[in-house]
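Numbering (the numbering used here), first residue to last: 3 to 101.
So, in structure tokens, the structure goes:
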């Protein structure tokens, strides 16, 4: 199964990588690796993670306070948000169904 990012989710990912890299050299790369490891878990077990709505689910990263919000489509996983968990919880909902 393949995956794709909503444009805003891609921006969130890049901004978070830059933030962690600014905090400590190499930490941005570690964050990126953790996010992509989480995406791999989603690809292996797309129905295993917590439902947030009828079609949206969230899988938490192991090391960083982030969740990957996604939807299972016919032939791909759509990453809706790379969500910092201390953020307003429903900010991503207006992205669903939009590309």
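Heads up, the beta-carbon is just placed ideally off N, CA and C, and yes, glycines get one too.
query, result
"Under the three-state reduction of DSSP, which class applies to residue 37: helix, strand or coil?", "helix"
"By Cβ distance below 8 Å, which residues in the same chain neighbour residue 78 in space, the five residues on each side in sequence not counted?", "3, 4, 5 and 6"
"Identify whether residue 78 lies in helix, strand or coil by the three-state DSSP scheme.", "strand"
"So, using beta-carbon positions, are residue 73 and residue 98 closer together than 8 Å?", "yes"
"Measuring alpha carbon to alpha carbon, tell me which residue in 65, 56 and 61 is nearest residue 46.", "61"
"Taking just the CA atoms, how far does residue 34 sit from residue 57?", "25 Å"
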